[in-house]
Amino acid sequence: MTAKKNSPGDRFFRWLVRLFPSEFRSNYGEEMHQVFRQQEIETRNGGGAMGFIRLWWETISGIFRTAPREHLYMLNQDVTYGLRMMRKNAGYAFLAMMTLALGIGANTAIFSVAHAVLLAPLPYRDGNNLIIVEEKAPKAGFQDIRFSVPEIQDYRAQNTTLSEFAEYHQMTFTLFGHGEAQRVRTGVVSWTFFRMFGVNPILGRDFLASDDQLGAPAVLLLSYEYWQQSEHGDPDVVGKIYKLNDKVHTVIGVLPKIPQYPSDNDVYMPTVACPFRGAPNFINNRDGRLMRAFGRMKDGVTLEKARTDLATVASRLAKAYPGSYPPEAGFTAGADSVRERLTRNAKPTLLILLGTAGFVLLIACANVANLTLARMSRRERELLVRTAMGAGQSRVLRQLVTEGLLIAIPAGVLGLLFTYSSLHLMTQYVSRLTPRAREIGIDGWVLLFALFAAVATSLFFGSQGAFRSRESIASGIKEGAGQATNATSRRMHNALVVVQVAFSFMLLIGAGLMVRSLLKLQQVDPGFTPQRVLATRVSLNWSKFINSNQYLLDMTRRLEQKLESQPGIISASLSSGFPLNPASIGSGPREQPFAVEGHTLSKGEAPPLTTSQGVTPDYFKTLGIPLIRGRYFTAADKQDGPPVVIISETLMRSFWPNEDPVGHKVSFDNGKNWVPIAGVVGDVREFGLDRNPGNEVYFPLEQAPGFGAVLVRTIGDPHSAALQVRQAILDVDADTAITGVDTLEEARSDSLTTPRVTAELIALFAGLALIIAAAGVGGILALMVSQRTREIGIRMALGASPAAVLRMIMGQGMGLVLGGLAIGFAGAMALTRLMTTLLFGVTPTDPATFAGVALVFLLAAFLACYVPARRATRIDPLTALRME
């Protein structure tokens, strides 16, 4: 097909050649004429999307047809010219590069974390077949009852859906012979435990059946982390002797670096090596429930089928042993996948962060697209003239692709550096939520996806100049530089701005809700006065007390007296725990049923639950817990004295809302023994500021021997008393392991780490999104002003005032912003409901947050619009008209 004489192409050519000197016309006029005739034919045959695809295909195939030397020559030309253009447009290059780098880095970091935690296969053999088995008594309010040894044996023998069944529990023992006594977290497991998980030691051997027989020599497996930290990765550690409490253990192996579930341990031992689990009276006690149970489903067995099978075994046991399984409790058994349990706490937070990072990448790509389109519009005349002078479309496209890669590739490198620098912090953050945090690493596929998105955005929108030049040569050069932008291009610019605004608004709403929630948490009254209180966590050598409490009682009295005599200490107390203890927050409350004298349960009603704690008399004074009714404990509340308890205000409101509970009695053994209430104290948020206070009962420590914390209130900085407390503990019993020293202010702050970091991450992403969106709005208005210079000049020449021009430009910019806010508002109303589990004291549709974020966004958008609008009012009409 040929172009007709006097066609639009011919007429355009005759007009065009008049722009060039006569010598140029005589030498190159005919060649240019042929180029334009061919361009016109191509436009007719290959317009639209198919023409764009054909152009890319010809460009790529042309690269392979080009001789290597010529290819390198053109590549050198393209790169040199591209670098020169980047230097000329340094602001665009820097902004586009940093925008893409932040989008790539944030997404690679967050998606790598999510992939490792939520999507990657478990590092166990056939991990999807592993389950955790649970006994339940829903009518009594118990959803996770531990197992006794007879129950373990019954489930192992009677189930039909599990190929393996193993037990686990955690103990804390004291390690001697390695300098100062150390607290060692010990996993007590069946000898088949690691075989069931498909975990093989990297050094030494696994447990054998003979290791789990009564009278067998005590042996240990070390966790990878403990091996690295305590033994410094010693390859000859196998055979080393450890003394735990009063028994010698031999190290037989080292485990690989795997997530430890359900809790991290330093060492592992067989069941018979545990002095509690191995005691004959415990082995035969069906009600001595201490262990968790794990199983491996047989091939082809579903989780639902396994649950039904386990419930059948539970029903059988309930009928056989009604004394251990009261019918009114609704006793049963169930199971859940280990995979689900490993990620349950982390999943909601990571999904929110995933969505946030995805929005940031979309906003970044939209902004780069707008910047690139704006830059292409400013280069319209350059590209048209290059085409007119003989540069084929493939050659122009190749140049633009090179320039796009010069932006995208450095952005990818910067994004990777950002990922590396942030991944360690992300791992520390996620380790609070799941044991799988140790599997986190940069995921190659995620990085490739983010790079692809960045490169594709840069190339697609950057190549529009090559495609548009073949369709708008005549109109482009006639109208002049910057005037060839058509309605479709303007609509694309506007749509990208609206998208940026909408997504940015949704991110800002999420950040606002998280910040409001964090502020609410920080304002919560914990129920005690944390200032100037030092908490020292200790682990006692239980081998000294296992058969007698007298040594423990003597140690308690001597240590309390020694601490109170120390200078700078106002008061001291010993207790089984303390509020906001990091270990307690992680494990949650361990509740037990109790009975209230005079309160009869109706048929099917679950007994009330409470947590309990043993404390010395000065505990409430040391922590500043107020007395509501009755009295505190005194020195008279000794082991041989009448038993008494103190209850919390919440418990009082539950059973004695209109009377004084002092003198009333409660029972913790189904009514066999009743204990009078001596006093009522204020509520304390023991297990987290976001948890409502529950029923709490305090016992005198002398009547419930055993402590795990030493608390002192000091005159000055509590850290200054740390050495005094440490020395006092070791002077009283050198076999006591000191496992941690915190102030209660630090414990309170530490309890807010997870919500604080989550809020900071989302706020960081939202802040980036706001900056990018504001830059996008300002950039599109600046482009519009430059493209409409002549129009604005004419308006002002005809009498339009600067204020009218300002209102016109501002109105157009703010119109885009309001459109984006409307879409973002609707999206935020729907998406913020997914954040319900992460919020405290704030609803997902909190009006104050929506109003405040909208105001901030409008202010930022107003400032972004004002700068180019103000510039438009300074256009000189005569200068603008002379430019054309």
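Start counting the sequence shown at 447; every next residue gets the next number (the working numbering).
C-beta atoms are modelled at their ideal positions from N, C-alpha and C, and glycine is treated no differently.
- Just measuring C-alpha positions, the residue of SER1048, LEU1264, LEU521 and ALA981 sitting nearest LEU1157 is ALA981.
- From the listed residues PHE895, ALA1150 and ASP1177, the smallest Cα separation to GLN1007 is found for ASP1177.
- By the neighbour-count criterion, in which 16 or more other beta carbons inside 10 Å mark a residue as buried, LEU1047 falls on the exposed side.
- In this structure, the straight-line span from the alpha carbon of PRO721 to that of ALA883 is close to 32 Å.
- Under DSSP, LEU649 takes part in a beta bridge, and its partners are VAL700.
- Annotated three-state conformation of GLN1012 is coil, per DSSP.
- By the CB criterion at 8 Å, LEU649 and GLY741 fall outside the cutoff.
- Secondary structure note for THR1235: it is in no beta strand (DSSP E), and the uninterrupted alpha helix (DSSP H) holding it is 1235-1243.
- For ILE1269, no beta strand (DSSP E) run applies; the uninterrupted alpha helix (DSSP H) run containing it begins and ends at 1248-1277, by DSSP.
- Between LEU1216 and LEU954 the beta-carbon gap is near 6 Å, inside 8 Å, which marks them as a contact.
- When DSSP states are grouped into helix, strand and coil, PHE1024 belongs to the coil group.
- If only uninterrupted alpha helix (DSSP H) runs of at least 4 residues are considered, those enclosed by the region 614-700 are 639-643 and 670-676.
- CA-CA distance, LEU1135 to SER1197, rounds to 7 Å.
- Ranking VAL979, GLY1261 and PRO794 by CA distance to the CA of PRO1201 puts PRO794 first.
- Contact between PHE611 and TYR601 holds, since their C-beta atoms are separated by about 6 Å, short of 8 Å.
- Here THR1056 has PHE1040, ASN1141 and VAL1143 as same chain residues with Cβ atoms under 6 Å from its own Cβ, once five neighbours each way along the sequence are excluded.
- Close CB contacts of VAL1121 within its chain, under the 8 Å cut and outside five residues either way in sequence, are with PRO1089, VAL1090, VAL1091, LYS1111, VAL1112, SER1113 and PHE1114 (chain order).
- Between THR717 and ARG983 the beta-carbon gap is near 27 Å, outside 8 Å, which marks them as no contact.
- Scanning ALA1306, VAL876, GLY1117 and PRO772 for the CA closest to the CA of GLY1044 turns up GLY1117.
- For MET715, the enclosing beta strand (DSSP E) starts and ends at 713-716.
- For the options PHE777, ALA815, PRO596 and LEU788, the alpha carbon positioned closest to that of GLY734 is the one of PRO596.
- Taking a contact as a CB-CB distance under 8 Å, the pair ILE798 and ALA957 does not count as one, their CB atoms being some 11 Å apart.
- For PRO881, the secondary structure class from DSSP, reduced to helix, strand or coil, is helix.
- Here ALA1297 is exposed: its Cβ has fewer than 16 other Cβ atoms, across all protein chains shown, within 10 Å.
- Put simply, the backbone Cα of ILE578 is about 37 Å away from that of ALA896.
- Residues PRO1063 of the same chain have their beta carbon placed closer than 8 Å to that of ALA1081, with the five preceding and five following residues left out of the count.
- Ranked by Cα distance from LEU1267, the options ARG533, PHE951, CYS811 and LEU548 are led by PHE951.
- Residue pairing by DSSP places ILE1184 opposite VAL984 in a beta bridge.
- Around the Cβ of SER1094, a 10 Å sphere holds 16 or more other Cβ atoms; the residue is buried.
- In the structure shown, SER770 falls within a coil segment according to DSSP collapsed to helix, strand and coil.
- DSSP places ASP782 in the uninterrupted beta strand (DSSP E) bounded by 778-783.
- CA-to-CA, the gap between GLN659 and MET737 works out to about 18 Å.
- Note that the C-beta distance between GLN1059 and GLY1023 is below 8 Å.
- ARG1236 and ILE1218 have their alpha carbons spaced roughly 29 Å apart.
- Of the candidates ASP692, LYS744, HIS695 and GLU671, GLU671 places its Cα closest to the Cα of ASP712.
- In the DSSP secondary-structure assignment, GLN1038 is bridged to THR1056.
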